[in-house]
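A short worksheet on the structure shown next.
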Amino acid sequence: MTSFTVNNNPVHYKMDPNTPLLWALRDASNLTGAKYGCGNGECGACTVMIDGEAVRSCQTTIAAIEGTEVITIEGLSRERTHPVQLAWIANNVPQCGFCIPGMIMAAAALLKKNRNPTEDDVKTAITNLCRCGVYPRVIEAVMRAARIQRGDETLDAGASPGVDPATAARLVPALTPGGRQR
Ligand code: FES
Ligand code: FES
150 MTSFTVNNNP
160 VHYKMDPNTP
170 LLWALRDASN
180 LTGAKYGCGN
190 GECGACTVMI
200 DGEAVRSCQT
210 TIAAIEGTEV
220 ITIEGLSRER
230 THPVQLAWIA
240 NNVPQCGFCI
250 PGMIMAAAAL
260 LKKNRNPTED
270 DVKTAITNLC
280 RCGVYPRVIE
290 AVMRAARIQR
300 GDETLDAGAS
310 PGVDPATAAR
320 LVPALTPGGR
330 QR
């Protein structure tokens with residue numbers, strides 16, 4: 150059994166310790182934001198934060214992260230008000246959307262460490278692949294998110310998706326502190 154926290158909830162996965170974190174999150178915790186793309190560490194669709202670092206969850210076993218703090222796209226902010234999320238919505242970054250959860254987690258991890266990144270810093274830090282080619286919008290949105298985080302720009306939260314956080318938490322118990330986990 151392996152123990153760590155996911156979105157601030159303690160989890161104890163009764164799974165093979167060599168199970169990739171991506172599958173524990175998706176199959177056991179019903180946290181399907183992190184996506185399976187290449188499965189070999191290249192595309193970044195599966196990116197989550199572990200102790201504040203952007204990590205490819207398809208390449209990380211649950212045994213390797215004992216005692217850590219995992220944050221997924223579902224746990225980044227309850228009201229979708231993280232600066233990266235605000236900028237992503239305002240700049241209409243997504244096209245098909247498949248790469249977006251991983252991109253956002255990579256961007257959030259970058260801004261945790263670097264509040265004033267250059268465009269080159271963004272290109273170096275975010276190596277995620279996007280089959281739709283939204284890279285220019287990603288760079289602009291990360292720069293905007295940095296301005297929001299520093300207080301140099303203010304953005305209102307985007308329109309509600311029509312699912313309130315309480316409903317989302319009921320549908321996805323892992324979002325709720327104390328929610329059922331395996
Ligand atoms: S699915 Fe993990 S890096 Fe592509
Ligand atoms: S928006 Fe389609 S893969 Fe990136």
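Sequential numbering of the sequence shown, starting at 150, is according to the numbering used here. Note that the Cβ used here is the ideal one computed from N, Cα and C, for glycine as well. From a predicted model like this one, the values you see are computed outputs, not experimental measurements.
| task | Please look up how many angstroms separate the CB atoms of Y162 and A177, rounded, as I've assumed it's under 8 Å. | result | Rounded, the Cβ-Cβ distance is 6 Å, consistent with contact.
| By the 10 Å Cβ neighbour count, where 16 or more other Cβ atoms means buried, how is A306 classified, buried or exposed? | exposed
| field | Extent of the continuous alpha helix (DSSP H) to which V155 belongs | value | Unbroken run through V155 is the beta strand (DSSP E), T151 to V155; no alpha helix (DSSP H).
| query | How should M252 be labelled, buried or exposed, when 16 other C-beta atoms within 10 angstroms of its C-beta is the threshold for buried? | reply | buried
| Taking the C-alpha atoms as reference points, what is the distance between P166 and N265? | 38 Å
| Of all the options W237, I238, A239 and C195, which has the alpha carbon lying nearest to the alpha carbon of I220? | C195
| said: As an exercise, report each continuous alpha helix (DSSP H) stretch of at least 4 residues that is fully enclosed by the stretch 212-287, in chain order. | reply: 232-239, 249-262 and 268-274
| field | Where A306 falls: helix, strand or coil (DSSP) | value | In the structure shown, A306 sits in coil (DSSP, three-state: anything other than H, G, I, E or B).
| Cα-Cα, which of A315, I288, G311 and C192 is closest to N277? | Nearest of A315, I288, G311 and C192 to N277, Cα basis: C192.
| request: In the DSSP assignment, find the unbroken beta strand (DSSP E) run with N179 in it and report its ends. | output: Note, N179: premise wrong, no beta strand (DSSP E); not H, not E.
| task | Could you tell me the distance, in whole angstroms, from the CA atom of G328 to the CA atom of N158? | result | Any answer about G328 is weak, because its pLDDT of 46 lies below 50 and its placement is not dependable; what the coordinates show is given next. Roughly 7 Å separates the two Cα atoms.
| query | Taking three-plus beta-carbon pairs below 8 Å as touching, is the stretch 284-294 in contact with the stretch 231-243? | reply | Contact holds: three or more Cβ-Cβ distances are below 8 Å.
| message | According to DSSP, is R331 part of a helix, a strand, or is it coil? | response | Because the pLDDT of R331 is 43, which lies under 50, any placement of that residue in the model is unreliable, and the number read from its coordinates should be weighed accordingly. In this structure, R331 counts as coil in the three-state DSSP scheme.
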